[in-house]
Amino acid sequence: MLEEIKNNYSHLFEDELLQEIDAIGILKTVSAGDELIRTGQYLSAMPLLVDGVIKIMREDEDGFELMLYFLEKGETCAMTLSCCTGSAVSEIRAVAETDSTLVMIPVEKMEEWLGKYKSWRNFIFDSYHQRLMEVLETIDSIAFKKMDERLLEYLRNKSKYYNDSEIKVTHQDIAFDLHTSRVVISRLLKQLEKTNRIKLNRNSVKLIDIG
13 MLEEIKNNYS
23 HLFEDELLQE
33 IDAIGILKTV
43 SAGDELIRTG
53 QYLSAMPLLV
63 DGVIKIMRED
73 EDGFELMLYF
83 LEKGETCAMT
93 LSCCTGSAVS
103 EIRAVAETDS
113 TLVMIPVEKM
123 EEWLGKYKSW
133 RNFIFDSYHQ
143 RLMEVLETID
153 SIAFKKMDER
163 LLEYLRNKSK
173 YYNDSEIKVT
183 HQDIAFDLHT
193 SRVVISRLLK
203 QLEKTNRIKL
213 NRNSVKLIDI
223 G
């Protein structure tokens with residue numbers, strides 16, 4: 013496990029901390045679509061993403077979801093951190109967007125390392141800042157952008173995370189992520205295809221206008 017950790021975190025953490033992560037971390041692999049964290053769950057460990065992409069969503073009382081941001085390798089989720097350190101229930105839902113590998117860090121070590129390692133403190137604070145900025149971008153997108161602009165931005169982000177211009181996703185999946193109806197998404201996708209920004213295939217979208 014140490015090699016995977018070094019590949020992703022050696023530029024952030026000193027060797028002593030990397031050795032501790034290797035000693036106490038629990039390696040976990042999940043498949044695309046697996047739920048990692050559910051709303052209302054108590055968390056006893058924080059995930060460090062070694063490989064893959066994780067989707068973080070906010071769920072309302074009726075079960076409707078809004079995608080907040082994606083996590084990539086070398087990152088962690090600030091909302092998970094606050095739940096772990098504050099012994100509170102999770103306010104988000106996390107689902108594996110792709111097959112992913114994580115290292116789970118026990119909550120007691122997280123707090124110990126805050127006082128022991130400057131690199132860990134910097135990582136935690138930077139993670140809070142980055143996730144906050146991503147949430148603000150999501151709010152700005154909802155408040156100020158039209159749905160067609162949000163849709164195109166969503167597709168571009170998906171393309172970046174998958175490193176592929178062809179995105180395997182259904183109209184219903186997009187509707188869930190953008191908190192709208194499948195009918196609206198299907199209509200907008202057809203409009204984008206007419207303007208040669210995308211090409212629609214069965215259960216996939218080919219992005220032509222990378223932007």
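For the sequence shown, the working numbering gives the first residue as 13, with consecutive numbering after it. Every residue gets a Cβ at the ideal spot worked out from N, C-alpha and C, and that includes glycine.
message: Does the segment 67 to 84 come into contact with the segment 98 to 115, if we say contact requires no fewer than three beta-carbon pairs (one atom in each stretch) closer than 8 Å?
response: yes
task: Pull up the distance between the alpha-carbon of Arg50 and that of Ala44, whole angstroms please.
output: 16 Å
Residue range of the unbroken beta strand (DSSP E) whose run includes Asp63: 57 to 63
task: Taking Pro118 and Ala57 to be in contact with their CB atoms under 8 Å, please state how far apart those CB atoms are, rounded to whole angstroms.
output: 5 Å
query: Going by alpha carbons, who is nearest to Asp111 out of Ile186, Lys40, Ser22, Asp176?
result: Lys40
- request: Can you give me the Cβ contacts of Asn213 inside the same chain, cut-off strictly under 8 Å, excluding the 5 residues immediately before and after it?
  value: Glu178
message: Would Arg194 and His183 be called neighbours here (beta carbons separated by less than 7 Å)?
response: yes
- prompt: Which ranges would you report for the beta strand (DSSP E) in the segment 71 to 111 if only whole runs of at least 3 residues count?
  reply: 77 to 84, 105 to 108
- prompt: Is it buried or exposed for Gly37, if we count other Cβ within 10 angstroms and need 16 for buried?
  reply: buried
message: Does Asp189 pass the burial test, meaning 16 or more other C-beta atoms within 10 Å, or should it be called exposed?
response: buried
- prompt: So which of Leu83, Asn169, Asn215 has the shortest CA-CA distance to Ile144?
  reply: Inspection of the sequence shows that residue 144 is occupied by Leu rather than by Ile. Of Leu83, Asn169, Asn215, the residue nearest in Cα terms is Leu83.
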